[in-house]
Structures are given as C-alpha cells and as structure tokens.
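Okay, structure first, notes after.
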Amino acid sequence: MKLSPFLVLFLLLANATSVAAQKCPAIATSMLDKGFSEVSPWRVVSGGTGECSFMTRNSSVSFGFNHMVTASAEGAVTAMADMRQAVAGTSLVEPMPSLGEQGFTYQPKKDNGQVDGTSMFFYGHRGRVNVSGYLNLKDPITPAQRDLAANMIAGTLGVATSPKALAKATNCRYLDPTLVDRLLPAGDVSTIVPDANNCVVSAGGNVITVAVTKDARGWATAERLLKDGGCTVDTLANLGKRAGIAHHCSKGNPRAEVLFVAGSRMFRLLYAPAAEPSAEDRATLVELARFAATH
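Heads up: the sequence shown begins at 21 in the working numbering, then just goes up one per residue.
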C-alpha cells in the first residue's frame, strides 16, 4: 500500500512525546474562539512552521492543518489530483475555491453511505505548497463554519509566496540530502516539516520520517517500539549501547526503523519504501541516524 505523506505525518505526530508548543504562528486561538464560540475556549495542542492543531475541553472537538512542500507547482497540482482521486470513491467531495482553483472538502462515508456531518477535511494548494486540514465539531458543520475553517486554512498558504518561508518550511536539520537521495527515487520530492523535531520527506511512494522527542523512559520505550511490529531487531553498537534497527516486520508495511537514545532525547528514523528495504538501504538509514545524532 502506498503511504500518503500526510498520513505518515499524522502517525508521526500521534507518536511524538515532545512538549507541545503553546502558540500557532499562523492562526491565533482568538480567531477560533470568535469563529467557533459555541465550543470555545480553544487551546493549541501543537504548533510549528507547517503544522498546527487545536482542541477544546471536549477532546472530540478539534481543528488543524499541515503543509506539504513539493519540488514544483506542477508536483503540488499532481498531489492534489492524487488526493482527490484517493478519497472520491469513499467520501462526499465538494469544491472549495478559497483553497485554490482545485481546492476541495471531503467527508468520508459510513457503511450505509451517509456522512458524519460533524467532521470535515480540507485540501488545497498555492504554488509548491499543499495544505491539508480538518474540523471536528459536536454538532453538524454549517456552511458558514465550513467556509470559515477553509478561509483560516487558506490563510496559512502565504508561505508559498515567500522564498524565505519556503526555505524554512523545507529545512530539516536532521536529514543529510545526499543520504536522502540514496533512499528516495529521482523525481518530485515532497517535504513536511511541522516543527523543529519532526520531518517527513517522500518521493515515488517511498517515505522517510524523523522524530526527535524528550523521553525520560529512554531505551525501555525505544526497545518496546522496535519489537511491536513483529520485527527482526539488530543492535547498533556504532550508535551507542541503546540503539537498534527493526526490519522484516510481520505487521504493517515494509519498513526499516532505527531508534536510539542520546541523553534525554530519543531519535526515531523510519524508512518505508514499496518493498522490504535491502541491507544497503538499512545501512544508509543507519548513516542517516548517525548524521541526525550530531545535529
């Protein structure tokens, strides 16, 4: 199964244990408090260069967005078309011009063909930047609420017209471009950098993720994570006493994953290609982990 970079991002953030930011650079909580006052107050769950998520006291009420920067505007349009095609068969899809000429919203259908009116997803782009967003409320989303959410999400796309902001949105200090090129096929490379400690790069269905977290539980947590997927686990002495690589997993997609602990930080690097990573791929991933450890 081909992994969507946006799906990978959600999984990466869901597993992260770093301290969440208290401010979103692109959207102020006051905007949500005013626009969705019936469920306020809102608070920031996570916030960074290309990703923000918000929640109320009711954890089922949430709003958020994330960016994916492609190598070209054409690549962004292709990603839009691929995403729309991927959800069209199982969702109610409607155009949303405020998110770009080909912007749209979608609501997944239940087994009975009905949609959950309290939940909606958004997708749009400007230039090289794609944006994915979501809104979950306790009552069915009204057209005015849909439009407000879409406009807030569209407002984050100003990054697409700023070379400085684009450079920041694609800069992952933990990734060596030369090593990344050895793992990803040539072509349009998409990049997601939600914050300083999480990165996703992908091309041709191959995905690399990096997550760096503060975790007092240290190696006990890392070791459990490595073994959870029914994987073969090899120790990595060249990364220290508390390091390992998982591969040939019996559960989930083909992948190789390096976890190691350095001080109070846990590093987690994942490489997920279409087929089982080769020994050479795994060696490159370990090199990438060594690079990450020094940055």
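Heads up, the beta-carbon is just placed ideally off N, CA and C, and yes, glycines get one too. Nothing here was measured: the structure is a model prediction, and the numbers come from that model.
> Around the Cβ of Ser80, are there at least 16 other Cβ atoms within 10 angstroms (buried) or fewer (exposed)?
Replying inline: Counting from 1 along the sequence shown, the entry for residue 80 is found at position 60. Burial check for Ser80: the Cβ neighbour count within 10 Å stays below 16, so the residue is exposed.
>> Looking at the secondary structure, which residues open and close the alpha helix (DSSP H) in which Ser182 lies?
In response: Against the sequence shown, residue 182 aligns to sequence position 162. No alpha helix (DSSP H) contains Ser182, which DSSP labels as neither H nor E.
>> For Ser53 and Ser60, what's the separation of their Cα atoms in angstroms?
In response: Here residue 53 refers to the residue found at position 33 of the sequence shown. Here residue 60 refers to the residue found at position 40 of the sequence shown. Here the sequence assigns Asp to residue 53, which means Ser is not the residue at that position. So the two alpha carbons sit approximately 5 Å from each other.
>> Using only the alpha-carbon positions, how far apart do Cys72 and Val209 sit?
In response: Numbered from its first residue, the sequence shown carries residue 72 at position 52. Numbered from its first residue, the sequence shown carries residue 209 at position 189. Spanning the two alpha carbons is a distance of roughly 22 Å.
> Between which two residues does the beta strand (DSSP E) harbouring Ala231 extend?
Replying inline: Against the sequence shown, residue 231 aligns to sequence position 211. Per DSSP, the continuous beta strand (DSSP E) segment holding Ala231 begins and ends at 226-234.
>> Can you find the residues in the same chain that come closer than 6 Å, C-beta to C-beta, to Met103, ignoring five residues on each side of it along the sequence?
In response: As a first step, residue 103 must be located in the sequence shown, where it is residue number 83. Here Met103 has Tyr143 as same chain residues with Cβ atoms under 6 Å from its own Cβ, once five neighbours each way along the sequence are excluded.
> Taking the DSSP output, what are the residues bridged to Asn150?
Replying inline: One-based indexing of the sequence shown puts residue 150 at position 130. In the DSSP output, where bridge partners are listed per residue, Asn150 has Met88, His145.
> Going by DSSP, which residues form a beta bridge with Pro128?
Replying inline: Along the sequence shown, read from residue 1 onward, the residue named residue 128 stands at position 108. Partner(s): Ser111.
>> At the level of alpha carbons, what is the spacing between Thr304 and Phe311?
In response: Position 284 of the sequence shown holds residue 304. Position 291 of the sequence shown holds residue 311. Roughly 11 Å separates the two Cα atoms.
>> Give me the DSSP bridge partner(s) of Phe287.
In response: Walking along the sequence shown from the start, residue 287 turns up at place 267. As a beta-bridge residue in DSSP terms, Phe287 pairs with Val232, Phe280.
> Just reading off the beta strand (DSSP E) that Asp254 is part of, what are its end residues?
Replying inline: Taking the sequence shown and counting its residues from 1, one reaches residue 254 at position 234. 252-255 is the span of the beta strand (DSSP E), which, as asked, contains Asp254.
>> Need the endpoints of the alpha helix (DSSP H) that Phe311 sits in, please.
In response: Reading the sequence shown from its first residue, position 291 is the one you call residue 311. 299-313 is the span of the alpha helix (DSSP H), which, as asked, contains Phe311.
> Since Asp167 and Thr138 are thought to touch, with beta carbons under 8 Å apart, how far apart are those beta carbons, to the nearest angstrom?
Replying inline: The residue you call residue 167 lines up with position 147 of the sequence shown. The residue you call residue 138 lines up with position 118 of the sequence shown. The beta-carbon separation of Asp167 and Thr138, rounded to 16 Å, does not stay under the 8 Å limit for a contact.
> Under the three-state reduction of DSSP, which class applies to Leu52: helix, strand or coil?
Replying inline: As a working note, residue 52 is residue 32 in the sequence shown. DSSP places Leu52 in helix when its eight states are reduced to three.
> Which residue's Cα is closest to the Cα of Val135: Leu112, Asn150, Pro205?
Replying inline: What you label residue 135 is simply residue 115 of the sequence shown in a count that begins at 1. Proximity to Val135 across Leu112, Asn150, Pro205 peaks at Leu112, based on C-alpha coordinates.
>> I need the DSSP call for Ala41, collapsed to helix, strand or coil.
In response: In the sequence shown, the residue the question calls residue 41 occupies position 21. Per-residue confidence for Ala41 stands at a pLDDT of 49, beneath the threshold of 50, marking its modelled position as unreliable; the derived number appears in the next sentence. In this structure, Ala41 counts as coil in the three-state DSSP scheme.
> Alpha carbon to alpha carbon, how far is Ser222 from Val89?
Replying inline: To locate residue 222, count along the sequence shown from 1; it is residue 202. To locate residue 89, count along the sequence shown from 1; it is residue 69. In this model, Ser222 and Val89 are separated by some 10 Å (Cα to Cα).
> How about Ala266 and Phe287: are their beta carbons less than 8 Å apart?
Replying inline: Here residue 266 refers to the residue found at position 246 of the sequence shown. Here residue 287 refers to the residue found at position 267 of the sequence shown. Result no, Cβ atoms of Ala266 and Phe287 do not sit closer than 8 Å.
> Is Asn191 buried or exposed, if buried means 16 or more other CB atoms sit within 10 Å of its CB?
Replying inline: Here residue 191 is taken as the residue at index 171 of the sequence shown, counted from 1. Exposed, because fewer than 16 other Cβ atoms sit within 10 Å of the Cβ of Asn191.
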